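Student: Okay, handing you the structure first.
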Amino acid sequence: MEIKWYIFLSLVLFCIGIIGALTRRNSIIVFMCIELMLNSVNLLLVAFSKMHLTPVNAFGPAMATSAQIFVFFIMIVAAAEVSVGLAIIVMLYRNTRSIDINFLNRLKN
């Protein structure tokens, strides 16, 4: 499969994530859109890593798989982010009985 299809898919997923994060007011939907943007970048990193995986790599095989290891660590950090973010959303709902992002502006005063 050519790299242009991976780039196109990653671009579509990232655009869906941006549009969803900017237009929605539900904090859970915004949170999922941010995760979608992270996953589209991960897809692109793995695709470029796979494209540059050649046996005649000057830096050896460790350099070719370093992007995939980097993606693995990004997924670990994203899992930690999900647990903390959902805990914040649950506490927001318990205190305000709403998960609307616009309601957060009223909490400043």
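Under our numbering, the sequence shown has 14 at position 12, and the numbering climbs by one with no breaks. From the three backbone atoms N, C-alpha and C, an ideal C-beta is built for every residue, glycine too. Please read these numbers as outputs of a predicted model, since none were measured by experiment.
(1) State whether the stretch 40-47 contacts the stretch 4-18, with contact taken as three or more CB pairs (one from each stretch) at a distance under 8 Å.
(2) What does the alpha-carbon distance come out to for the pair F128 and S42?
(3) When the Cα atoms are used, what is the spatial distance from V92 to I103?
(4) Using 10 angstroms around the beta-carbon of S12, count the other beta-carbons present and answer buried if the total reaches 16, otherwise exposed.
(5) Between M39 and I20, what straight-line distance do the alpha-carbon atoms span, to the nearest angstrom?
(6) For Q70, is the beta carbon positioned less than 7 Å from some heavy atom of the ligand FAD?
(7) Given a threshold of 16 other Cβ atoms within 10 Å of its Cβ, counted over all protein chains shown, does F33 qualify as buried or as exposed?
Tutor: Taking the structure as given:
(1) yes
(2) Within the shown structure, residues of the chain are numbered from 3 to 111, placing residue 128 beyond reach of any answer.
(3) The alpha-carbon atoms of V92 and I103 are separated by roughly 13 Å.
(4) buried
(5) Here the C-alpha atom of M39 lies approximately 7 Å from the C-alpha atom of I20.
(6) Looking at this structure, you won't find the ligand FAD or any other ligand, since it has none at all.
(7) buried
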